[in-house]
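Student:
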Amino acid sequence: MKSKLNTTAIGLTSAFAVIALAAPALAQDAPDAAGVQKEAQYVFNTLLFLMGGFLVMWMAAGFAMLEAGMVRTKNVAMQCTKNIALYSIAGLAFWLVGYNLMYPGDGNWIVQDYVGTIAPVTMPDPASDTANAYSTGSDWFFQMVFCATAASIVSGTLAERIKLWPFLIFVVVLCGIIYPIQGSWEWGTGWLDDMGFSDFAGSTLVHSTGGWAALVGAIVLGARRGKYGPNGEVIPMPGSNMALATLGTFILWLGWFGFNGASQLAMGTIADASSVSKIFVNTNLAAAAGVVSAIILNQLFYGKVDLTMALNGALAGLVSITAEPLTPAIWQAVVIGAVGGAIVVFTVPLLDKLRIDDVVGAIPVHLFAGIWGTIIVAWTNTGVSIVPQVVGVVAIGIFVAASSLVVWLFLAATIGLRPSEEDELEGMDKSEIGLEAYPEFGSGSQRV
Amino acid sequence: MKSKLNTTAIGLTSAFAVIALAAPALAQDAPDAAGVQKEAQYVFNTLLFLMGGFLVMWMAAGFAMLEAGMVRTKNVAMQCTKNIALYSIAGLAFWLVGYNLMYPGDGNWIVQDYVGTIAPVTMPDPASDTANAYSTGSDWFFQMVFCATAASIVSGTLAERIKLWPFLIFVVVLCGIIYPIQGSWEWGTGWLDDMGFSDFAGSTLVHSTGGWAALVGAIVLGARRGKYGPNGEVIPMPGSNMALATLGTFILWLGWFGFNGASQLAMGTIADASSVSKIFVNTNLAAAAGVVSAIILNQLFYGKVDLTMALNGALAGLVSITAEPLTPAIWQAVVIGAVGGAIVVFTVPLLDKLRIDDVVGAIPVHLFAGIWGTIIVAWTNTGVSIVPQVVGVVAIGIFVAASSLVVWLFLAATIGLRPSEEDELEGMDKSEIGLEAYPEFGSGSQRV
Amino acid sequence: MKSKLNTTAIGLTSAFAVIALAAPALAQDAPDAAGVQKEAQYVFNTLLFLMGGFLVMWMAAGFAMLEAGMVRTKNVAMQCTKNIALYSIAGLAFWLVGYNLMYPGDGNWIVQDYVGTIAPVTMPDPASDTANAYSTGSDWFFQMVFCATAASIVSGTLAERIKLWPFLIFVVVLCGIIYPIQGSWEWGTGWLDDMGFSDFAGSTLVHSTGGWAALVGAIVLGARRGKYGPNGEVIPMPGSNMALATLGTFILWLGWFGFNGASQLAMGTIADASSVSKIFVNTNLAAAAGVVSAIILNQLFYGKVDLTMALNGALAGLVSITAEPLTPAIWQAVVIGAVGGAIVVFTVPLLDKLRIDDVVGAIPVHLFAGIWGTIIVAWTNTGVSIVPQVVGVVAIGIFVAASSLVVWLFLAATIGLRPSEEDELEGMDKSEIGLEAYPEFGSGSQRV
Amino acid sequence: MKLITAIIKPFKLEEVRQSLTDLGIEGMTVTEVKGYGRQKGHTEIYRGAEYAVNFLPKLKIEVVVAETDVDRTIEAIGEMAKTGQIGDGKIFVSGVEKTIRIRTGETDAEAL
Amino acid sequence: MKLITAIIKPFKLEEVRQSLTDLGIEGMTVTEVKGYGRQKGHTEIYRGAEYAVNFLPKLKIEVVVAETDVDRTIEAIGEMAKTGQIGDGKIFVSGVEKTIRIRTGETDAEAL
Amino acid sequence: MKLITAIIKPFKLEEVRQSLTDLGIEGMTVTEVKGYGRQKGHTEIYRGAEYAVNFLPKLKIEVVVAETDVDRTIEAIGEMAKTGQIGDGKIFVSGVEKTIRIRTGETDAEAL
Ligand SMILES: Nc1ncnc2c1ncn2[C@@H]1O[C@H](COP(=O)(O)OP(=O)(O)O)[C@@H](O)[C@H]1O
Ligand SMILES: Nc1ncnc2c1ncn2[C@@H]1O[C@H](COP(=O)(O)OP(=O)(O)O)[C@@H](O)[C@H]1O
Ligand SMILES: Nc1ncnc2c1ncn2[C@@H]1O[C@H](COP(=O)(O)OP(=O)(O)O)[C@@H](O)[C@H]1O
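Protein chains in written order, with my numbering: chain A, -3 to 444; chain B, -3 to 444; chain C, -3 to 444; chain D, 313 to 424; chain E, 313 to 424; chain F, 313 to 424.
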């Protein structure tokens, strides 16, 4: 069970002992064959992190567009503000606290295998940045964007009814503390990793974590006013812009090649390069299967093809394959993704029945499909058994749900989570952002 | 005349014989100089495919946005649905059937040099994925996104008047059978390749193929109701969102660097890396010339600069240079692209005269400019003569047009292609998708 | 003080002397260790340029969307037209004149260290493209997209009140002459470089240059009709689409990783790869700090969080770190970016007080933050002292402002810059483009 | 003078405009509206939840005409806007006491 | 017949529609409008500049009813649209001389 | 009471609103409309095809005022909305039988 951290650290620190010393020299002189080989690998691995990193960073735009399209006009500017702010905050929090809490490294744990250490991240001198088979900055960047992804998930579910500041404060805690602690258990080589849990790119560590935080938030927060009728009717509040929602989904799909592909963490050998490629293929086809199964099920059950379900289907397929995009044969990836698409079609209405108001469908997509993807790893990865997978899902679920609950309740009791009824009905663009996303009155007219 | 396939296979399988065996070892041990060199090339080539691949995948979003912007509001959600569905279906079809039909490899043809073989694609064990100088998955991924591009072209032309399911069924046939068969003739080293036909990145194989399928579809389908008056007047139906159309065009432009650049198929040597770079330069300036010529011609002929023509001009420039982005000197690339831009300005109205209703201008852009680009290869590539180019254009044109015609007529005769008059007038978002792309009534109001 | 040019040329031409001759051979044969090493570096460096280049090219779409979202509906199509046209023109002008005017190379200056040489760029035979440690085409492509960025800045400030053609003519001069000349002083190893001025990725050379041209243009052009009341009131003209403005900002943020990261100009050694990574980290966190400081200051001063300020804050943070993204420690990058965000919050209203109408806030973002970023280099880069930084800022400011002024005045005196009052009030989409960006009348209706 | 207000199906506007122009009725104001009546809207499914779409998009056209033109105008609109399907819409006639052409200050008949 | 025109707060539409339906008033036309009155709008800050938002989004509903239904209709609307907050809106009543159902040509009472 | 309906050029709204406020007319409802009259629209070219843009964007303002205010209101609107160019628009005056302020139930004069 290689965790994100030791996959790369192990066997390379050793391999680099030599180079580490020679490195400054290396940069100038013509180095010996072995050195070249390792140095080239170092550059390839770093490049993989940087490329994967900017692709995942791009997912922040994907969430922003998806959410901007799925909320009503009166909350679009608010949603955009939340998304650019949360991505910014995630980076700062992960620098100051998150990273070392998640990746303390041997011997630095506050509570061994459970809680890492607290220290802001600093960058080494590039010339001697040879502790690992990749550069320090590229690793931090790649890890950071994952953290931001978890936060993005929360903003979608809670849209249209949570005030800006309490949301942003939650993001600070999520990215600075909650996400890193549970992440350390597996990718930081903590207790879950020791026990054989496996989550390649984060179906559970990233997506379910965001999903749990969103679910608890949705329950504490309650539904949007008018969403559920007195006699249990569900009153749909259709998203304001399907083109943007579609764009957002395509952006996320693109970003996911970085999300899963670069989680191979190395690209400097034939085996690694080929693995990254296989991950691209499986990731793409799992998403495709998610779309197709969602479309077909919609046609069969509802007689029409609901675009928003097709979009959620793509994302559910992606989340489902994220826990293990490497070991499945293509046909297995297709099955895994197709089930993900089906999960969305059936659980979106279910949440409504439970009167849990999830504006963009993030809970079915990221939490439910994330659990599915994590459990099913045992099917295709012979090195993984079902028990630790279940333990991991449950343990992280309990921890994230419980810690989120505390934060949500604290915020509710202090500064309060929800806007006044009038502010909510008027839309938060006016009450909190002070502008409208589409301020003009009718086509081509002056602004009134 | 290197085809996509043998460019890379030839000379490397040999070169890899050694490594193939040693590979598993290679990954661990410090390998010998030659091995390193070849292994690094393998990684570079794989990286080129993956990077090019995700850039071309991104073009699917470009087509989606371009089309969402060029159709009327009442069909935007439908267009988004078609685009995400066709990209998904293309991947599945190309996995199950398409790829091996297009790249059977020596001795596996059903009909030698004309029809490849039928078998789903499977991925080798990464550790021993050394049959070529690139990973199997990266090649499949790169080839697949090209197939999806061909399908995207069709959706634009037929927008606003074809039902969802017949369209998606056509996509299955196009991506699973029609595209791969004609593709095998050239890139699969079939008869066109033997004969000296050259199409570097697919002006004919990808763009004209999509264009022919779209043209035949447009004729079978007929124009949108109300598009042409009884006395031959053309009634414009302006696109609903020029900002999205512009975004889509920029996305396509970006993706094209992957489309053409990665079609060099190798990046592991000075010559290859430099070639990829030259392709970037020529591709970019051909597109730029397409825009400028379209803008100037519009100003001269119509007294105004029609944005949609400028956007089409960029794409026409890109399609024109796609058949040979490497051999032209910069000034030649500029000329080739500028002519592409002119083709759009003059053929868009021409199609209307013929009452062929092409909603996004895909036929001028992809078919006409594609033919131009393919023929003109002979000007800059000394190794190519005009005859085989014409033969290739005609042969593929006939095959694709004929086979598409059969499929379109079959679908028309069975499930039917068009919605009822009322559904078409109300927009297919309501009749087939069941939601509106922009459902809100006026600015900032509740939904009515 | 390494300039863009000599950083890479120096020490490699020598190192390549050997290979240059052997190159064609190299590509085929198994080369000697040293060769491999250098050749791999060549590919890595080329790849960095191409990847950085397409990311910066993507920024053209970012500017287009940001501007399309910040102007009023009646000018959206015009803004889109300007953006795709300026990117096209920038490429052509930089090919015909710009590049060699900026990078004449030793001994080819028209006026040594002040004015380069005039000659269209041509591409060498890929097989012998070994003059530098990177391919010629990749370098040209990377340099060209920077030039386009400078032009994009101008279009935003002058939106909604400048006619298409005069604007495009200005772009020709800016990209063909003004930008390259001042660029040659530093990156072309001219007099500013000799004197110790340092501007890593172009806070001054690219952003301030665009900003100065925009500022002078805004003064010559005057404000949009109705923007300022008789008694000095400022009449806001809110942007028409905040979702697009947000998308544009995210695109720019993504592109900036290429802008700054690839300005390291090399990636083939541990030191270079690690430097690129550190640049990614600093760039991202400077932007994040810009957002957070803008949001907090808005909350404190205005009681609401203005999304457009948050977006400008991100960009200001990016511009601020662009002059030196490598040497700052993370906390220093955060400080530099945060100050950038503050600059926006305070100078946007200031410009309005001066009745300088900057539609998208490009002057605060690119000019003011650009100056700040350039001066502050001396804080973190021990090799840089404040004096040359100030000299560089002033010298380039004077040159660009003065030369732009001449061009603007010339255009105003000849073809004229502004549309008629009626055209401006009706919007330039109608008068110059002949179509509306969002032509439909109300939701789901036919077009009237 | 009378104000003739008609609620019609959006795609019928062009024909109505044409026929009025043919009648020599040289002016009209159109508003985007939503409405319901006999035609009750329909139910849709969004993300698995059924809901009623109560209002349908219509266009409201307003034409002020001289008494003498009222009947011809009503006829023309009624004829062109008719599909025979439910939801074709209504025509309402009400009185207008005064009309002014802003540009010239002309009133009533001259203002039309 | 009378035309009852009401300007209401947008989020009140659903309740008003419901109550009219309960009254058996089987038709309505809604228009998106902006307005001001006692409720004066407010000032906003955009990019550091203060400005007055003079108009607020409202919905205009138009219902043509028979004389006999006027009072019940007014009551129903007044009741459902009321929040007691400034800006609740107005109801205007005016005369309609003639009504035609386009689909059938029926007039007046039958046309409603 | 009278309903004064004016069709004006969109960019004239602000001036009209201002002058009515100065007159003490404390309420107005604005609707986005399209129209044509003497001003016939124009032809555009889209993708090489000529077509007529028949309707132009206008704003419709509705003000209900007491008899006594009618003339001043018409004057004010006429003056502020006038550019002298074709397309300035129209003012229509019609009767309103009753007005109710939803918030308070006040009627007629008090309701304005
Ligand atoms: N009583 C009414 N008052 C105002 N508008 C009405 C009324 N009845 C119908 N309408 C308008 O006329 C449109 C068509 O009326 P409807 O009764 O649905 O069709 P039909 O006129 O064919 O019976 C409705 O959508 C609504 O906009
Ligand atoms: N004199 C008027 N003429 C036309 N519409 C009016 C008039 N007065 C008010 N309105 C409309 O009614 C809405 C609410 O009126 P307002 O006076 O603000 O609230 P209230 O009716 O509660 O006092 C306004 O926004 C405007 O659209
Ligand atoms: N008979 C009419 N009925 C309703 N609206 C009209 C009528 N005539 C003109 N209008 C409205 O007034 C606007 C301006 O009228 P027009 O005749 O074009 O200009 P002018 O009033 O300056 O002659 C038109 O666009 C239309 O909206």
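C-beta: ideal position from N, C-alpha, C; glycine also.
Residues in the same chain with beta-carbon distance under 6 Å from R87 (chain A), minus the five sequence neighbours each way, listed in chain order, please.
Tutor: What you label residue 87 (chain A) is simply residue 91 of the first sequence in a count that begins at 1. Inspection of the sequence shows that residue 87 (chain A) is occupied by Gly rather than by Arg. Only M140 meet the Cβ criterion.
Student: Taking 7 Å as the CB-CB limit, is E436 (chain B) close to chain A?
Tutor: Translated into positions along the second sequence, residue 436 (chain B) becomes position 440. Taking Cβ atoms only, chain A reaches closer than 7 Å to E436 (chain B), which makes this a yes.
Student: Kindly list, in the order they appear in chain F, the residues whose Cβ is closer than 8 Å to that of L421 (chain C).
Tutor: Indexing the third sequence from 1 puts residue 421 (chain C) at position 425. The contacting residues are F323.
Student: Mind listing, in chain order, the continuous alpha helix (DSSP H) runs of no fewer than 4 residues lying wholly within the region 231 to 314 of chain A?
Tutor: For the region 231 to 314 of chain A, whole alpha helix (DSSP H) runs of length 4 or above, ordered along the chain, are 238 to 257 and 266 to 298.
Student: Name the two residues that bound the continuous alpha helix (DSSP H) containing K370 (chain E).
Tutor: Reading the fifth sequence from its first residue, position 58 is the one you call residue 370 (chain E). Taken as a continuous stretch (DSSP letters only), K370 (chain E) belongs to no alpha helix (DSSP H), being part of the beta strand (DSSP E) at L368 to V377.
Student: Comparing the CB of K402 (chain F) with every heavy atom of ligand 3, is any distance shorter than 6 Å?
Tutor: Translated into the one-based positions of the sixth sequence, residue 402 (chain F) becomes position 90. Yes, since a heavy atom of ligand 3 falls inside the 6 Å radius drawn around the Cβ of K402 (chain F).
Student: Classify N366 (chain E): buried if its beta carbon has 16 or more other beta carbons within 10 angstroms, exposed otherwise.
Tutor: The residue you call residue 366 (chain E) lines up with position 54 of the fifth sequence. Buried, by the Cβ-count rule.
Student: Which same chain residues, not among the five before or five after D302 (chain A), have their C-beta less than 8 Å away from its C-beta?
Tutor: For the purposes of this step, residue 302 (chain A) is taken as residue 306 along the first sequence, with counting starting at 1. N294.
Student: Going by the DSSP bridge assignment, what does T341 (chain E) pair with across the sheet?
Tutor: Here residue 341 (chain E) corresponds to residue number 29 of the fifth sequence, with the count starting at 1. D:G347 and E:E374, per the DSSP bridge assignment.
Student: With the cut-off set at 7 Å, would you say A73 (chain C) and I367 (chain C) are in Cβ contact?
Tutor: On the third sequence, residue 73 (chain C) is found 77 positions in, with the first residue counted as 1. On the third sequence, residue 367 (chain C) is found 371 positions in, with the first residue counted as 1. Not closer than 7 Å, so no.
Student: What are the residues of the region 332 to 359 of chain E that lie near chain F, defined by any Cβ-Cβ distance shorter than 8 Å?
Tutor: Those would be T343, E344, V345, K346, G347, Y348, G349 and R350, in chain order.
Student: Below 7 Å CB to CB, which residues in the same chain sit around P27 (chain B) once its five sequence neighbours on both sides are set aside?
Tutor: Stepping through the second sequence from its first residue, residue 27 (chain B) is reached at position 31. Reliability fails at P27 (chain B), whose pLDDT of 34 lies under 50, so the model's placement of it is uncertain and the value that follows must be treated cautiously. E35, listed in sequence order.
Student: Mind checking whether the beta-carbon of R415 (chain D) lies closer than 6 Å to any heavy atom of ligand 3?
Tutor: Here residue 415 (chain D) refers to the residue found at position 103 when the fourth sequence is read from its first residue. Yes.
Student: Any heavy atom of ligand 2 closer than 6 Å to the Cβ of V375 (chain F)?
Tutor: Position 63 of the sixth sequence, counted from the start, is the residue given in the question as residue 375 (chain F). Correct: V375 (chain F) has its Cβ closer than 6 Å to ligand 2.
Student: Can you tell me whether DSSP reads Y99 (chain B) as helix, strand or coil?
Tutor: As a first step, residue 99 (chain B) is located in the second sequence; it is residue number 103 there, counting from the start. DSSP places Y99 (chain B) in coil when its eight states are reduced to three.
Student: Would DSSP call S381 (chain A) helix, strand or coil?
Tutor: By 1-based counting over the first sequence, the position of residue 381 (chain A) is 385. Looking at S381 (chain A) - three-state DSSP - the assignment turns out to be coil, as it is neither helix nor strand.
Student: Please report how far the alpha carbon of S271 (chain A) lies from the alpha carbon of Q37 (chain A), in whole angstroms.
Tutor: In the first sequence, the residue the question calls residue 271 (chain A) occupies position 275. In the first sequence, the residue the question calls residue 37 (chain A) occupies position 41. Cα to Cα, S271 (chain A) sits roughly 15 Å from Q37 (chain A).
Student: Evaluate the contact criterion for the region 108 to 116 of chain C versus the region 249 to 260 of chain B: three or more CB pairs, one atom per stretch, below 8 Å.
Tutor: In short, these stretches do not touch, since the Cβ pair count stays below three.
Student: Could you compute how far the alpha carbon of G257 (chain C) sits from the alpha carbon of M55 (chain A)?
Tutor: Taking the third sequence and counting its residues from 1, the one referred to as residue 257 (chain C) is at position 261. Taking the first sequence and counting its residues from 1, the one referred to as residue 55 (chain A) is at position 59. Rounded to the nearest angstrom, the two C-alpha atoms are 19 Å apart.
Student: Taking 6 Å as the line, does the beta carbon of G407 (chain E) fall inside it for any heavy atom of ligand 1?
Tutor: As a position in the fifth sequence, residue 407 (chain E) is number 95, starting the count at 1. No, since every heavy atom of ligand 1 falls outside the 6 Å radius drawn around the Cβ of G407 (chain E).
Student: Considering only C-alpha positions, which residue in the set A:I85, A:I371, A:A209 and A:S151 is nearest to G336 (chain A)?
Tutor: Locating residue 336 (chain A) in the first sequence gives position 340, where the first residue counts as 1. Comparing Cα-Cα distances from G336 (chain A) to each of A:I85, A:I371, A:A209 and A:S151, the minimum goes to A:I371.
Student: Sort out for me which residues DSSP pairs A318 (chain F) with in a bridge.
Tutor: Within the sixth sequence, numbered from 1, the residue matching residue 318 (chain F) stands at position 6. In the DSSP output, where bridge partners are listed per residue, A318 (chain F) has F:I373 and F:I403.
Student: Buried or exposed for Q24 (chain C), please, with buried defined as at least 16 other CB atoms from any protein chain shown within 10 angstroms of its CB.
Tutor: The residue you call residue 24 (chain C) lines up with position 28 of the third sequence. Reliability fails at Q24 (chain C), whose pLDDT of 34 lies under 50, so the model's placement of it is uncertain and no value is given.
Student: Compute the Euclidean distance between the alpha carbons of I404 (chain D) and T385 (chain F), then round it to the nearest angstrom.
Tutor: For this step, residue 404 (chain D) is matched to residue 92 along the fourth sequence. For this step, residue 385 (chain F) is matched to residue 73 along the sixth sequence. In the sequence as presented, Ile is not what sits at residue 404 (chain D); that position holds Phe. Taking the straight line from one Cα to the other gives about 26 Å.
Student: Using the beta-carbon count (16 or more within 10 Å), is P446 (chain B) buried or exposed?
Tutor: Because residue 446 (chain B) is not part of the residues shown, which for chain B are -3 to 444, the question remains open.
Student: Any heavy atom of ligand 2 within a distance shorter than 6 Å of the CB on G390 (chain E)?
Tutor: As a position in the fifth sequence, residue 390 (chain E) is number 78, starting the count at 1. G390 (chain E) Cβ: outside cutoff for every heavy atom of ligand 2.
Student: Could you tell me which chain E residues have their CB closer than 7 Å to the CB of V376 (chain F), listed as they occur along the chain?
Tutor: Sequence index remark: in the sixth sequence, residue 376 (chain F) carries index 64 (1-based). Under the 7 Å cutoff, chain E gives F404.
Student: Say yes only if the C-beta of Q295 (chain C) is nearer than 6 Å to one or more non-hydrogen atoms of ligand 2, and no if none qualify.
Tutor: As a first step, residue 295 (chain C) must be located in the third sequence, where it is residue number 299. No, ligand 2 has no heavy atom inside 6 Å of this Cβ.
Student: Output needed for M238 (chain B): all residues of its chain with C-beta closer than 7 Å, excluding positions within five of it in sequence on either side, in chain order.
Tutor: Start at 1 with the first residue of the second sequence, and residue 238 (chain B) comes out as number 242. The answer, listed in chain order, is G65 and L303.
Student: Within 6 Å: the Cβ of Y175 (chain B) and any heavy atom of ligand 2?
Tutor: Here residue 175 (chain B) is taken as the residue at index 179 of the second sequence, counted from 1. The answer is no for Y175 (chain B).
Student: What separation, rounded to the nearest whole angstrom, lies between the Cα atoms of L17 (chain B) and P324 (chain C)?
Tutor: Your numbering for residue 17 (chain B) matches position 21 in the second sequence. Your numbering for residue 324 (chain C) matches position 328 in the third sequence. Low local confidence applies: a pLDDT of 35 at L17 (chain B) is under 50, so the model's placement there is unreliable, and no value is given.
Student: Does the beta carbon of T333 (chain F) fall short of 6 Å from some heavy atom of ligand 1?
Tutor: By one-based count along the sixth sequence, residue 333 (chain F) stands at place 21. No - ligand 1 has no heavy atom lying nearer than 6 Å to the Cβ of T333 (chain F).
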